[in-house]
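Asker: What follows is a structure written as structure tokens; I'll ask about it next.
Number of protein chains: 2
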Amino acid sequence: MTGRRASARTAGAAASGRTPGRRPGGPDTRGEILRAARESFAGKGFSGTSIRAVAREAGVDAALVHHYFDSKDELFIESMALPIDPRQVAARVLTGPREELGHRIVTTFLGVWESPDGQQRMKAILRSVVSSDEVARLMREGITQMIIAPVAETLGVPDAKLRVSLVATQLIGIAMTRYLIELDPVASTPVAELVDRIAPVTQHYLTN
Amino acid sequence: MTGRRASARTAGAAASGRTPGRRPGGPDTRGEILRAARESFAGKGFSGTSIRAVAREAGVDAALVHHYFDSKDELFIESMALPIDPRQVAARVLTGPREELGHRIVTTFLGVWESPDGQQRMKAILRSVVSSDEVARLMREGITQMIIAPVAETLGVPDAKLRVSLVATQLIGIAMTRYLIELDPVASTPVAELVDRIAPVTQHYLTN
Chain A
30 MTGRRASART AGAAASGRTP GRRPGGPDTR GEILRAARES FAGKGFSGTS IRAVAREAGV
90 DAALVHHYFD SKDELFIESM ALPIDPRQVA ARVLTGPREE LGHRIVTTFL GVWESPDGQQ
150 RMKAILRSVV SSDEVARLMR EGITQMIIAP VAETLGVPDA KLRVSLVATQ LIGIAMTRYL
210 IELDPVASTP VAELVDRIAP VTQHYLTN
Chain B
30 MTGRRASART AGAAASGRTP GRRPGGPDTR GEILRAARES FAGKGFSGTS IRAVAREAGV
90 DAALVHHYFD SKDELFIESM ALPIDPRQVA ARVLTGPREE LGHRIVTTFL GVWESPDGQQ
150 RMKAILRSVV SSDEVARLMR EGITQMIIAP VAETLGVPDA KLRVSLVATQ LIGIAMTRYL
210 IELDPVASTP VAELVDRIAP VTQHYLTN
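Same order as they appear, the protein sequences are chains A and B.
30 is the number of the first residue of the first sequence in my numbering; add one for each residue after it.
30 is the number of the first residue of the second sequence in my numbering; add one for each residue after it.
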């Protein structure tokens with residue numbers, strides 16, 4: 030096992046012109062670990078990812094991964110660093126006419142998913158949420174505190190949290206169907222038309 | 030490894046009053062394998078499930094699982110046998126006033142998810158779709174042929190398939206949010222209120 034790993038690493042290092050063997054913790058090492066972790070979480074989910082495999086993929090020793098990140102949880106949170114800060118998104122979405130709130134939410138959400146980097150990160154999150162109860166709990170808390178609570182407060186109606194979480198169901202559903210299941214014609218419809226179809230529905234959930 | 034498995038099986042057999050040791054392929058063996066497979070797919074998804082582990086859980090030899098099911102794919106399809114036949118569901122949903130179509134779809138869908146057996150099977154499907162591209166492809170074809178096509182044909186408008194697949198996004202999203210992520214307040218809202226909130230939206234997608 031160790032021999033196989035070592036030769037894989039050596040081959041990779043040779044191909045990229047690096048000196049073979051374990052690299053020391055340089056300035057870009059943390060970034061390379063995060064990149065490898067992101068790829069693994071995206072492809073294999075939370076449960077299918079191990080620190081050892083991430084270390085191998087990044088070409089470093091597992092101890093070095095532990096030096097930078099206390100646990101797989103921490104590695105996940107750091108590597109998942111959302112393409113945009115959810116609190117900034119909430120603030121941006123809440124600025125503007127209330128009757129266009131649904132439109133702003135859908136445009137912002139699909140905007141993240143339509144960028145290749147954003148899509149890779151969001152897919153990793155979704156895959157990990159589904160395969161691990163622990164990650165589901167993490168995401169549940171994150172969504173509630175960073176998005177549902179502030180948007181609900183702005184709505185200022187008694188059932189605001191239910192309204193906002195119904196919007197979340199529609200957004201999660203479109204992400205699952207378009208980007209993960211790739212069900213047609215939702216997967217192949219131009220994003221502008223999707224926004225036109227979905228925005229009135231999210232607006233309805235929020236203010237009707 | 031083999032020793033641990035054997036004693037676990039013996040303990041299980043003793044606890045249930047069965048004769049210890051490998052059981053022969055009796056009339057209920059296939060059913061017990063399917064039950065064990067369903068549990069594993071629901072908890073660990075498609076990738077996290079192995080024929081060996083299913084055999085262990087069912088208290089039989091892995092060769093016996095292979096005797097009944099050619100592959101993990103086949104075991105999945107058989108064990109996932111939907112709680113209800115999708116074609117019958119489509120037919121039932123399509124019978125009745127068109128302006129209540131959205132309501133009938135949401136009631137039927139949530140009805141399946143609210144039954145414990147249905148929920149376990151649907152969770153297994155959702156988890157497996159997310160963790161395996163192969164299962165995602167199977168589901169995509171199944172949903173398209175058995176549900177989207179007949180419902181779209183009944184609608185009889187040019188963009189019918191897009192309309193029906195948008196309904197699918199909302200249904201998949203409510204399932205993910207309520208039963209897998211368990212995000213509140215969607216997770217704790219009585220099902221009748223959820224139907225009242227979501228039915229107008231699915232109706233809007235279909236006929237507005």
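Note that beta-carbon positions come from the ideal geometry of N, C-alpha and C, so glycine has one too.
Predicted, not measured: the structure shown is a model, and the values here were computed from it.
Could you tell me which chain D residues have their CB closer than 8 Å to the CB of Q199(A), listed as they occur along the chain?
Answerer: Absent from the structure is chain D; the protein chains it does hold are A and B.
Asker: For R226(B), which of helix, strand or coil comes out of DSSP?
Answerer: Looking up residue 226(B) in the second sequence gives position 197. Of the three classes helix, strand and coil, the one that applies to R226(B) here is helix, per DSSP.
Asker: According to a CB-to-CB cut-off of less than 7 Å, which residues of the segment 85-113 of chain B neighbour chain A?
Answerer: Listed by position, the residues of the segment 85-113 of chain B near chain A (Cβ gap below 7 Å) amount to none.
Asker: Just verifying my parser: in three-state terms, what is the DSSP assignment at I62(B)?
Answerer: The residue labelled residue 62(B) in the question sits at position 33 within the second sequence. Helix.
Asker: How far does the alpha helix (DSSP H) with I106(B) in it extend, from its first residue to its last?
Answerer: Against the second sequence, residue 106(B) aligns to sequence position 77. Segment K101 to S108, the alpha helix (DSSP H) holding I106(B).
Asker: Skipping 5 residues on each side, what residues in its chain have a beta carbon closer than 6 Å to that of A66(A)?
Answerer: Your numbering for residue 66(A) matches position 37 in the first sequence. So the qualifying residues of the chain are V83, L104 and S108.
Asker: Is it right to say Q174(A) is buried, meaning 16 or more other beta carbons lie within 10 angstroms of its own, or is it exposed?
Answerer: Counting from 1 along the first sequence, the entry for residue 174(A) is found at position 145. Its Cβ having fewer than 16 others within 10 Å, Q174(A) is exposed.
Asker: Out of curiosity, what's the CA-to-CA distance linking T206(A) and R156(A)?
Answerer: For this step, residue 206(A) is matched to residue 177 along the first sequence. For this step, residue 156(A) is matched to residue 127 along the first sequence. T206(A) and R156(A): Cα-Cα distance of roughly 13 Å.
Asker: Compile a chain-ordered list of the residues in the segment 139-170 of chain A whose CB is closer than 8 Å to at least one CB of chain B.
Answerer: Under the 8 Å Cβ criterion, the segment 139-170 of chain A contributes L155, R156, V158, V159, S160, A165, M168 and R169.
Asker: Quick one: does E211(A) have its CB under 8 Å from some CB of chain B?
Answerer: In the first sequence, residue 211(A) corresponds to position 182, counting from 1. Yes, its Cβ sits closer than 8 Å to a Cβ of chain B.
Asker: Between D188(B), V186(B) and S194(B), which lies nearest to I172(B) when the distance is taken from Cα to Cα?
Answerer: One-based indexing of the second sequence puts residue 172(B) at position 143. It is S194(B).
Asker: Exposed or buried, R85(B), counting other C-beta atoms within 10 Å across all chains shown (16 or more means buried)?
Answerer: Numbered from its first residue, the second sequence carries residue 85(B) at position 56. Answer is buried; the Cβ neighbour count reaches 16.
Asker: Measuring CA to CA, which of V164(A), L209(A) and A119(A) is closest to W142(A)?
Answerer: Walking along the first sequence from the start, residue 142(A) turns up at place 113. When only C-alpha atoms are compared, the closest one is L209(A).
Asker: Considering only C-alpha positions, which residue in the set F75(A), V89(A), S69(A) and K73(A) is nearest to R59(A)?
Answerer: Start at 1 with the first residue of the first sequence, and residue 59(A) comes out as number 30. Checking every option, the nearest Cα to that of R59(A) belongs to V89(A).
Asker: Can you tell me the Cα-Cα spacing of L167(B) and P145(A), whole angstroms?
Answerer: For the purposes of this step, residue 167(B) is taken as residue 138 along the second sequence, with counting starting at 1. For the purposes of this step, residue 145(A) is taken as residue 116 along the first sequence, with counting starting at 1. Going from the Cα of L167(B) to the Cα of P145(A) covers about 25 Å.
Asker: Label S217(A) either buried or exposed according to how many other C-beta atoms from any shown protein chain fall within 10 Å of its C-beta, with 16 as the threshold for buried.
Answerer: As a first step, residue 217(A) is located in the first sequence; it is residue number 188 there, counting from the start. So S217(A) counts as exposed.
Asker: If you drop the 5 nearest sequence neighbours on each side, which residues of the same chain put their C-beta closer than 7 Å to that of T231(A)?
Answerer: The count along the first sequence starts at 1 and reaches residue 231(A) at position 202. Hits under 7 Å: G131, I134, V135, V196 and Q199.
Asker: Chain B partners of P214(A), CB-CB under 7 Å?
Answerer: Counting from 1 along the first sequence, the entry for residue 214(A) is found at position 185. Per Cβ cutoff of 7 Å: K190, L191 and S194.
Asker: If you draw a straight line from the C-alpha of G72(B) to the C-alpha of R150(B), how long is it?
Answerer: The sequence position of residue 72(B) within the second sequence is 43, counting from 1. The sequence position of residue 150(B) within the second sequence is 121, counting from 1. In a straight line, the C-alpha of G72(B) is about 10 Å away from that of R150(B).
Asker: So is I6(A) in contact with chain B if we call contact Cβ pairs under 8 Å?
Answerer: Any property of residue 6(A) remains undetermined from this structure, which presents chain A solely from 30 to 237.
Asker: Mind listing the chain B neighbours of H132(A)? Cutoff is C-beta to C-beta under 9 Å, in chain order.
Answerer: As a first step, residue 132(A) must be located in the first sequence, where it is residue number 103. Ordered by position in chain B, no residue passes the 9 Å Cβ test against H132(A), which lies about 15 Å from the chain.
Asker: What alpha helix (DSSP H) runs, 4 residues minimum, are completely inside the segment 165-206 of chain A?
Answerer: As far as the segment 165-206 of chain A is concerned, its whole alpha helix (DSSP H) runs of at least 4 residues are 178-184 and 189-204.
Asker: Taking 8 Å as the threshold (beta carbon to beta carbon), is T78(A) in contact with chain B?
Answerer: Taking the first residue of the first sequence as position 1, residue 78(A) is located at position 49. No, its Cβ sits nowhere closer than 8 Å to a Cβ of chain B.
Asker: For S79(B), which option in A87(B), E68(B), K152(B) and K101(B) has the closest C-alpha, if you only look at C-alpha atoms?
Answerer: Taking the first residue of the second sequence as position 1, residue 79(B) is located at position 50. Of A87(B), E68(B), K152(B) and K101(B), the residue nearest in Cα terms is K101(B).
Asker: Which residue wins for smallest C-alpha separation from V180(A), given the options K152(A), D99(A), F75(A) and Y234(A)?
Answerer: Position 151 of the first sequence, counted from the first residue, corresponds to residue 180(A). For V180(A), the nearest C-alpha among the options comes from Y234(A).
Asker: Reducing DSSP to helix, strand and coil, say where V215(A) ends up.
Answerer: Residue numbering aside, residue 215(A) sits at position 186 when the first sequence is read from its first letter. DSSP places V215(A) in coil when its eight states are reduced to three.
Asker: Cβ closer than 7 Å: which chain A residues qualify as neighbours of T218(B)?
Answerer: Locating residue 218(B) in the second sequence gives position 189, where the first residue counts as 1. The contacting residues are L191.
Asker: Under 8 Å between the Cβ atoms of I62(A) and A87(A)?
Answerer: Start at 1 with the first residue of the first sequence, and residue 62(A) comes out as number 33. Start at 1 with the first residue of the first sequence, and residue 87(A) comes out as number 58. For I62(A) and A87(A), yes; Cβs fall inside 8 Å.
Asker: Quick one: residues in its chain with C-beta nearer than 8 Å to the C-beta of T137(B), no 5 flanking neighbours on either side, listed in chain order?
Answerer: Working through the second sequence from its first residue, we reach residue 137(B) at position 108. Only V118, R121 and V122 meet the Cβ criterion.
Asker: Rounded to whole angstroms, how far is the Cβ of S160(A) from the Cβ of S160(B), which I believe are closer than 8 Å?
Answerer: Your numbering for residue 160(A) matches position 131 in the first sequence. Your numbering for residue 160(B) matches position 131 in the second sequence. The pair is a contact, with the Cβ atoms about 6 Å apart (cut-off 8 Å).
Asker: Mind checking V186(A): buried by the 16 CB within 10 Å criterion, or exposed?
Answerer: Residue 186(A) sits at position 157 when you count from the first residue of the first sequence. Answer is exposed; the Cβ neighbour count stays below 16.
Asker: Assuming R169(A) contacts L212(B) (C-beta within less than 8 Å), just tell me the rounded distance between them.
Answerer: Residue numbering aside, residue 169(A) sits at position 140 when the first sequence is read from its first letter. Residue numbering aside, residue 212(B) sits at position 183 when the second sequence is read from its first letter. Between L212(B) and R169(A) the Cβ distance is about 5 Å, and since that is below 8 Å, they are a contact.
Asker: Determine the extent of the alpha helix (DSSP H) in which R150(A) is found, giving its start and end residues.
Answerer: The residue labelled residue 150(A) in the question sits at position 121 within the first sequence. Residues P145 to S160.
Asker: Does any residue of chain B bring its CB to less than 8 Å from the CB of G72(A)?
Answerer: Mapped onto the first sequence, residue 72(A) falls at position 43. Answer no: the Cβ-Cβ gap between G72(A) and chain B never drops below 8 Å.
Asker: Among the candidates E129(A), N237(A), G140(A) and V164(A), whose CA atom is the shortest distance from the CA of G74(A)?
Answerer: Within the first sequence, residue 74(A) is the residue found at index 45, counting from 1. The shortest Cα separation from G74(A) among E129(A), N237(A), G140(A) and V164(A) belongs to V164(A).
Asker: Please report the Cβ distance between G77(A) and S76(B), rounded to the nearest whole angstrom; I am assuming they are in contact, meaning their Cβ atoms lie under 8 Å.
Answerer: Start at 1 with the first residue of the first sequence, and residue 77(A) comes out as number 48. Start at 1 with the first residue of the second sequence, and residue 76(B) comes out as number 47. Between S76(B) and G77(A) the Cβ distance is about 7 Å, and since that is below 8 Å, they are a contact.
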